[in-house]
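In our numbering, the protein residues as written are 31 to 430. Even for Gly, the Cβ is constructed at its ideal location relative to N, Cα and C.
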């Protein structure tokens, strides 16, 4: 059998993008390109700007302007963190070429890496590449000229403010975190569907404007760096509400190397063909969990698989509390539930940061579990945190 060609890797080589395997190697690449003093200062300044996220509301805009002020600087930095993402995404585009039409919008094109690939992959199509970063558009135009790609129009604008033109395909890559307060929604520790609904409400204005750019029977291709989590569920639910129904056979989870780390990208395609039943969207999300996770072992579930199991099988809240710091920020939630189908089984759920765990116990141990939960709560309170009792009403958790 003929070996499958790695189109994405060929494109990285065309960009002269050599992704480093560890973060310190990125300093060496900057030093080799610009000299040790200037190169290290460039990269240090970018990292310093990223660390301003808590105190500088404009840090993200300033970060993109700084990173994209020179094309090669942008290619080096993006290569360190996104090269494997680009490679796999390019291969996915080739494999799913049928969802790309004559008029393609690259929403949030940044420095033009994916725009130029789309231009080369679909020479008979016209690509409109939009980004709100002036330096990003400048770098993208330079990259297109370098690669001799001429079927792209670059526009410096916010994609949400584009005029009413429709596109056969809207390509949107890594846009959610810039258009929704994901961290705020994800730290609520509510039940899965309630958390997804909160995210969907938050992202509604952006989703509505993005969906309006898709022509009738056209496609939205969404590639977001997230797990199969409540944000992803809320996103596909909101797209469905906007009339963009999922195309399950095109779905893919990309597991991408990011130097020492690993990132997951959910590639989701929706077609402007009308809304489908909300339960179908949730079932699709559950199927993604089952196919792409191996996080269950005997009597314990972890990650978002734990949230799915609690959502599907948790019946009544028996006991539970949420811990907050003195500023009211949520730190940890702990709850005990009866099982919808098996009265002799109890569900114990705990969430702290990204760690979500659901454990199954025999109902005969209920009194001992409650005693342990109360003892744990008392320990946290003595350490200075604030414990508040949880109640379960109308499908959502509330603080009593």
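Please state whether DSSP places residue i in a helix, a strand or coil.
i	result
residue 389	strand
residue 350	strand
residue 47	coil
residue 340	helix
residue 325	Model confidence at residue 325 stands at a pLDDT of 48, short of 50, so the residue's coordinates are unreliable; what they give is reported in the following sentence. Three-state DSSP puts residue 325 in coil, outside helix and strand.
residue 12	Nothing about residue 12 can be read from this structure; the chain reaches only from 31 to 430.
residue 372	coil
residue 286	strand
residue 345	strand
residue 270	helix
residue 101	helix
residue 41	helix
residue 305	coil
residue 313	helix
residue 357	coil
residue 425	coil
residue 258	coil
residue 291	strand
residue 411	helix
residue 405	helix
residue 319	helix
residue 430	coil
residue 65	coil
residue 194	coil
residue 281	coil
residue 296	strand
Taking its Cβ as the centre, do 16 or more other Cβ atoms sit within 10 Å of residue i, making it buried, or is it exposed?
i	result
residue 305	exposed
residue 411	exposed
residue 38	buried
residue 165	buried
residue 372	exposed
residue 68	exposed
residue 83	exposed
residue 123	buried
residue 71	exposed
residue 285	exposed
residue 424	exposed
residue 140	buried
residue 145	buried
residue 320	exposed
residue 267	buried
residue 341	buried
residue 40	exposed
residue 260	buried
residue 230	buried
Inspect the beta-carbon positions of residue i and residue j and report whether they are closer than 8 Å.
i	j	result
residue 236	residue 190	yes
residue 348	residue 420	no
residue 202	residue 264	no
residue 137	residue 205	yes
residue 362	residue 380	yes
residue 75	residue 100	no
residue 301	residue 275	yes
residue 376	residue 396	yes
residue 367	residue 345	yes
residue 126	residue 157	no
residue 497	residue 287	In the structure displayed, the chain extends from 31 to 430; residue 497 sits before or after that span and is not available.
residue 163	residue 209	no
residue 364	residue 403	yes
residue 392	residue 374	yes
residue 280	residue 241	no
residue 390	residue 329	yes
Is there a C-beta anywhere in chain B that falls below 8 Å from the one on residue i?
i	result
residue 88	Absent from the structure: chain B. Only one protein chain is present.
Legend entry - alpha helix (DSSP H) runs contained entirely in the region 206-250, provided each spans 4 or more residues: 206-209, 212-216 and 222-241
Legend entry - Any alpha helix (DSSP H) of 4 or more consecutive residues that is wholly inside the region 108-189: 143-151 and 164-177
Inset, instruction - Count the C-beta pairs between the region 244-256 and the region 297-312 that are closer than 8 Å, then say yes if the count reaches three, no if not. - result: Yes: the two stretches touch, three or more of their Cβ pairs being nearer than 8 Å.
Inset, instruction - Say whether the region 48-67 touches the region 128-138, bearing in mind that this needs 3 or more beta-carbon pairs closer than 8 Å, one atom from each stretch. - result: no
Inset, instruction - Specify whether the region 238-250 and the region 194-204 touch according to this definition: at least 3 beta carbon pairs, one from each stretch, less than 8 Å apart. - result: yes
Inset, instruction - Decide if the region 219-226 is in contact with the region 332-346; the criterion is three or more beta carbon pairs, one per stretch, under 8 Å apart. - result: yes
Legend entry - the region 106-117 in contact with the region 169-182 per 3-pair CB rule at 8 Å: no
Legend entry - contact_flag[the region 108-124, the region 275-295] where n(CB pairs < 8 Å) is 3 or more: yes
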